[in-house]
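Peer 1: For the sequence shown, this note's numbering gives the first residue as 2, with consecutive numbering after it. Beta carbons are placed, not taken as given, at the ideal position from N, Cα and C, and that holds for glycine. Source: prediction; values computed, not measured.
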Amino acid sequence: MLVSERKPIEEIMEFIGGERTVFLLGCDGCAAASGTGGEPEIRELKAELEGRGITVTGTKVIDFLCQKALIRTGLRPFATALDEADSVVVSTCGIGIQATATVLDQAVHPACNTVSLGGIRGEWQGEERCAECGQCFLDVTAGICPLTACAKRLVNGPCGGAKDGSCEVEPEARRCAWEVIYERLERQGRTNLLRRAPLQVKDYAKMQPPVDLRGTRKWAVDMKTTEGVTS
Ligand code: SF4
Ligand code: SF4
2 MLVSERKPIE
12 EIMEFIGGER
22 TVFLLGCDGC
32 AAASGTGGEP
42 EIRELKAELE
52 GRGITVTGTK
62 VIDFLCQKAL
72 IRTGLRPFAT
82 ALDEADSVVV
92 STCGIGIQAT
102 ATVLDQAVHP
112 ACNTVSLGGI
122 RGEWQGEERC
132 AECGQCFLDV
142 TAGICPLTAC
152 AKRLVNGPCG
162 GAKDGSCEVE
172 PEARRCAWEV
182 IYERLERQGR
192 TNLLRRAPLQ
202 VKDYAKMQPP
212 VDLRGTRKWA
222 VDMKTTEGVT
232 S
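#1: If you follow the alpha helix (DSSP H) that C28 is part of, which residue opens it and which one closes it?
#2: Please determine whether the Cβ atom of E180 lies at a distance below 8 angstroms from any heavy atom of ligand 3.
#3: From the DSSP output, which residues share a beta bridge with G59?
#4: Which same chain residues, not among the five before or five after R154, have their C-beta less than 8 angstroms away from its C-beta?
#5: Which whole-angstrom value is the C-beta distance of P1 and V91, which I expect to be below 8 angstroms?
#6: Following the continuous beta strand (DSSP E) through T115, name the residue where it begins and the one where it ends.
#7: To the nearest whole angstrom, what separates the beta carbons of T58 and T93, a pair I think is in contact under 8 angstroms?
#8: Considering only residues of the same chain and omitting the five flanking positions on each side of R188, which have a CB-CB separation below 8 angstroms?
#9: Please classify D140: is it buried, with 16 or more other beta-carbons within 10 angstroms of its beta-carbon, or exposed?
#10: Does the beta carbon of A132 fall short of 8 angstroms from some heavy atom of ligand 1?
#11: At 4 residues or longer, what runs of the alpha helix (DSSP H) sit wholly inside the region 75-107?
#12: Okay, do the region 48-66 and the region 20-32 touch, 3+ Cβ pairs below 8 angstroms being the bar?
#13: Looking only at C-alpha atoms, which of V170, G162, C137 sits nearest to D204?
#14: Give me, in chain order, the residues of the same chain whose beta-carbon lies closer than 7 angstroms to that of A34; leave out the 5 immediate sequence neighbours on both sides.
#15: Might you give, ordered along the chain, the residues of its own chain that have their beta carbon closer than 7 angstroms to the beta carbon of E1, omitting 5 neighbours on each side?
#16: Assuming contact is defined by CB atoms lying nearer than 9 angstroms, are I43 and T60 in contact in what I supplied?
#17: So what does DSSP say about R185, is it helix, strand or coil?
#18: One question on the structure: do S117 and M208 come within less than 9 angstroms of each other, judged by their Cβ atoms?
#19: Return yes when the C-beta of N114 is under 8 angstroms from any heavy atom of ligand 1, and no when it is not.
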């Protein structure tokens with residue numbers, strides 16, 4: 002299970018910025034269990050946003066937002082409400098926010114931080130990974146997490162080593178995460194977000210050390226390697 006905590010409404014409003022209409026999305030899986038993304042929490046978030054002058058064009062709670070097929074089918078009846086929304090506010094873990102951003106390819110704002118459970122996480126079939134950093138900033142990275150998608154976990158932009166869009170660390174295996182972030186932001190007309198300086202002031206104190214997970218079978222599954230497995 003991935004544990005999420007609701008961000009303060011002020012931070013969500015900062016993400017929304019000058020937008021006036023949003024669609025709200027929750028998750029009936031880990032987020033509902035965490036008390037962040039179930040029906041009651043989405044109703045509460047809707048009231049908070051409406052109280053601040055934001056129009057909510059629609060809401061939906063999907064069984065598991067980490068499953069892209071469920072997102073597609075769950076949101077099919079909401080095409081008009083999604084079209085009418087300037088952005089989508091997603092109240093769930095980092096995986097669900099990333100999966101939503103990939104499926105919708107429109108501005109997505111995280112309403113939660115994902116925090117470490119300090120142990121085993123659920124496994125899911127998608128490519129998205131969350132490092133449970135406790136300070137989700139997928140808002141400015143078009144829903145792509147550089148902490149897991151970038152080989153060097155850079156949060157302030159690319160290292161400069163990418164060649165033809167491929168990551169210099171694993172050119173055969175992965176594209177440069179920051180190239181992918183830029184391309185998606187450009188498609189959405191939101192590259193201005195990258196001008197925030199410094200882009201991220203990351204509070205690593207909020208990140209429970211994943212180091213103790215290294216060398217475990219769970220780490221091996223995530224990294225698709227058996228190298229260094231000790232337990
Ligand atoms: S920024 Fe990345 S690691 Fe941090 S909570 Fe969001 S998805 Fe997870
Ligand atoms: S090439 Fe891109 S993905 Fe690879 S380490 Fe550098 S910034 Fe990260």
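Peer 2: By the coordinates alone:
#1: It is not in any alpha helix (DSSP H) - C28 instead sits in the beta strand (DSSP E) that spans 22-28.
#2: This structure does not include ligand 3; its bound ligands are ligand 1 and ligand 2.
#3: F24
#4: A132, P147, L148
#5: Since the first residue of the chain shown is 2 and the last is 232, residue 1 is not available in this structure.
#6: 113-116
#7: Incorrect: roughly 19 angstroms between the Cβ atoms, too far for contact.
#8: D106
#9: buried
#10: yes
#11: 80-85, 95-105
#12: yes
#13: C137
#14: M2
#15: The structure shown does not extend to residue 1, since the chain is modelled only from 2 to 232, so the question has no answer here.
#16: yes
#17: helix
#18: yes
#19: yes
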